[in-house]
Ligand code: ADP
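Residue numbers (the working numbering): 338 to 962.
If you want it as C-alpha cells, here you go:
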C-alpha cells in the first residue's frame, strides 16, 4: 500500500527554495548525504557496544551509479530509520532557525543563494540535483523496510519495501546534465567532491571505479576518502576549508566556527584533538545544562559524542574532538569516568581553553566580545562551580557598566576606580531597567562606576562576596557610600522630618496592601530623582534572587521588604502633608509608590488596572497642590 503524506509546511517551503534556487554550489548535496550516512554508522556502532547481536558488521558508505537510469545512490549499513522516523526526520524539519532562515531568504535569489550556502540544508539538498529522490531504510533490529519517494512537491509517498540488511539507501534520479556540464555520474567529479568535503569521514566511502588494463575496462571497488583523522594530520597540511568542513560535520552548525584550537599533548598522557568555539549558542545550550561535551576517540576509533566528562559544565559550549592513545578501547563508561588519564585530559583541555580565551580577550577583543555575548553567561557559572579557578574566570569576565556603553573587564574597572571607593560596585537586575535604577543615583552623583549585572548567576557571584585582585565585589543595593559627614547630615535631615513623616508612616504600615509586603517604611536620602525604592529587608532576598530560586523550581516565599521614600520628591512631600492634615486619601497611594519601585526592580505590578487608576488620582492630587 502506498500512502501519500504532506511535508510539514516549513519543510515544503525549504524544499521549494532548494529546487528553484540557482544555488551555484550544488556539490554540497553529496557532503550532506555522506554526513548523514556517517552519523548513521556511528549510531549503529554505539548500539553494537551494548548489544553484542549488533556488534559484527563492516561499516561502509557506498556510492553506486547507473548510467542508463541516470541514478546515483548513497547507501549505508547504519542504524536506519523506522516508518515514523522517516516521517519525523525527513518529512519534517525540527532544526531551530528554519523559520527565520526562510523569512530572511525572502524572494531575493541572491539572498537565497547566500543563505542556502550557510544553512545546513541536510537531506533536502538532494533535490538540488535530483528530479526525484527515493529513500529506502530499514531500522536496526526490525524486519521491515520503508520507501520514501518524492519529486519535491508538497507531498511524498511512503510504502513498504524490501532491504536485505539494516541501513539506508538514498537514490537520486538525476536530471539531464545541466548547463554547467557537470555530471554527478562522472567518476572524477564524485572523487573530487568526496576529497574536498568528506575526506576525513572515518568510514570508507566506496565506489566502483573504472580500471583500464590492456585496452580493456574493468571495474573495482575503491575507497575514495583517506579516512585520516584531521586532528592527527600536521596543521600545515590541512586547509582552513577542511577544518571548517570538519566542524560542520561535527556540529551540524552552518556558521563557521569563531575560533579553532588544536590540542596536542605528549608526555605521561598523550592525546590530540581539535576544539572549536562556535559563533553563537544553540537553543538547547541554555535549556539543557547537560547539553554539549566533546566527541571522544580512543586510538582514532570513535567512542562517543557529547561526552560531558571531557570538559567542565561551564565550558559546555566548546565543541570538538579529543583522541587519546592512553585509554583502553573497550573501557566502560563507568571506568572511563574514573580513569586518571581522563582527569589529565580534562585538566589540560580546560587549561587550553582558559589560555585561548585570555589571548582572545587581549588581542582580539571584538571576537572575544562576540564570544562573550553568546556564551558569557554559561562561562560565568564557573565562578560558582569551579572554586579552584575563580580568579582566572573572574579575570575573563566581561560586564556592562554605568561608565560605558560596551563591555568592561574587572581589571579595566579597577583602573578607573575613584578615591574613596571601597570595592567594585555591582547592581543586579533586569538589563532593560538597570540603567534607570534609583539605586544608582547616589553612585552617579559621586562619579562612582557601577557594574550592571543581569544574568541569573550574577546574583550568586555578588551574594558570595567574591573578591577580585584584592577588591571586593559589593552589592550596590546594600552598600552605603556616604561619608560619615554626609551620613550625619542626612540623619539629621531625616530626624527633622520625623514628626511630619509619622502620620504617613502609620497610614502606610497599617494599610492592608502594605502589611503582607513590607516590614518598614522609612525616609531615605539615597535617591535623587525617584520618589521611592525597595530595599531588601534584614536577611531578605532580592527580587532577582527570588526569580532565580523560582526558575530553579524552588517554591519560594519572598521575604518582606523595606519601602524607602525620598523626602525631596514632590509626590512624597505632598503625601506627607495630606497625611499630616488627616486626609486618609494618602493611604491610597501606597500601592503606587510600592509598585513603581517594584517595576524598577524588574518585578511586575500585581494589578495593573488598579495601579493605573491610582496613578491618575495621584497626579490629580499633586496638581491640586
Ligand atoms: P541533519 O542531518 O542536519 O539532522 P537532515 O535533514 O540531513 O538533517 O536529516 C534529518 C534526520 O534524518 C537526521 O538527523 C537523521 O536522524 C535522519 N537521517 C538522515 N539520513 C539518514 C541515514 N542515512 N540513516 C539514518 N538516519 C538518517
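Note that CB positions come from ideal geometry on N, CA and C, so glycine has one too.
Compare the beta carbon distance of residue i and residue j with 9 Å and say whether it is the shorter of the two.
i           : j           : result
residue 862 : residue 819 : yes
residue 852 : residue 798 : no
residue 657 : residue 645 : no
residue 781 : residue 739 : yes
residue 469 : residue 522 : no
residue 747 : residue 732 : yes
residue 618 : residue 722 : no
residue 639 : residue 611 : no
residue 967 : residue 930 : With the chain represented from 338 up to 962, any question about residue 967 goes unanswered, as that position is not in the structure.
residue 959 : residue 907 : yes
residue 489 : residue 407 : no
residue 415 : residue 493 : no
residue 846 : residue 913 : no
residue 898 : residue 943 : no
residue 396 : residue 413 : yes
residue 777 : residue 737 : no
residue 928 : residue 941 : no
residue 524 : residue 402 : yes
residue 954 : residue 911 : no
Is it right to say residue i is buried, meaning 16 or more other beta carbons lie within 10 angstroms of its own, or is it exposed?
i           : result
residue 916 : buried
residue 417 : buried
residue 443 : exposed
residue 901 : buried
residue 343 : exposed
residue 687 : buried
residue 966 : Outside the modelled stretch of the chain, which goes from 338 to 962, sits residue 966, for which no answer is possible.
residue 698 : buried
residue 660 : buried
residue 926 : buried
residue 548 : exposed
residue 623 : exposed
residue 795 : buried
residue 566 : buried
residue 462 : buried
residue 465 : buried
Just the Cα atoms here: how many angstroms apart are residue i and residue j?
i            : j           : result
residue 409  : residue 545 : 12 Å
residue 641  : residue 635 : 10 Å
residue 682  : residue 691 : 14 Å
residue 720  : residue 933 : 33 Å
residue 560  : residue 689 : 36 Å
residue 477  : residue 372 : 19 Å
residue 734  : residue 938 : 24 Å
residue 531  : residue 358 : 23 Å
residue 854  : residue 653 : 40 Å
residue 504  : residue 724 : 48 Å
residue 865  : residue 764 : 17 Å
residue 516  : residue 378 : 36 Å
residue 813  : residue 843 : 29 Å
residue 609  : residue 578 : 20 Å
residue 825  : residue 703 : 47 Å
residue 1016 : residue 347 : The displayed coordinates of the chain run from 338 to 962. Any statement about residue 1016 would go beyond what the structure contains.
residue 663  : residue 562 : 27 Å
residue 535  : residue 370 : 10 Å
residue 458  : residue 450 : 12 Å
residue 502  : residue 383 : 17 Å
residue 351  : residue 387 : 38 Å
residue 589  : residue 557 : 33 Å
residue 896  : residue 909 : 25 Å
residue 423  : residue 400 : 21 Å
residue 599  : residue 398 : 29 Å
Is any heavy atom of the ligand SAH found at a distance shorter than 8 Å from the C-beta of residue i?
i           : result
residue 589 : This structure lacks the ligand SAH; its bound ligands are the ligand ADP.
Could you please give me the residues that DSSP links to residue i through a beta bridge?
i           : result
residue 471 : 486 and 508
residue 436 : None; residue 436 has no bridge partner.
residue 609 : 601 and 660
residue 812 : 763
residue 805 : 808
residue 498 : 482
residue 863 : DSSP, once it has assigned bridges, lists no residue as partnering residue 863.
residue 745 : 736
residue 870 : 901
residue 631 : 644
residue 588 : According to DSSP, residue 588 bridges with nothing at all.
Whole alpha helix (DSSP H) elements within the stretch 512 to 582, 4-residue minimum
524 to 535
Which ranges would you report for the alpha helix (DSSP H) in the stretch 342 to 410 if only whole runs of at least 4 residues count?
346 to 357 and 365 to 387
Entirely within the stretch 648 to 717 and at least 4 residues each: give me those alpha helix (DSSP H) ranges in chain order.
670 to 675, 677 to 700 and 702 to 716
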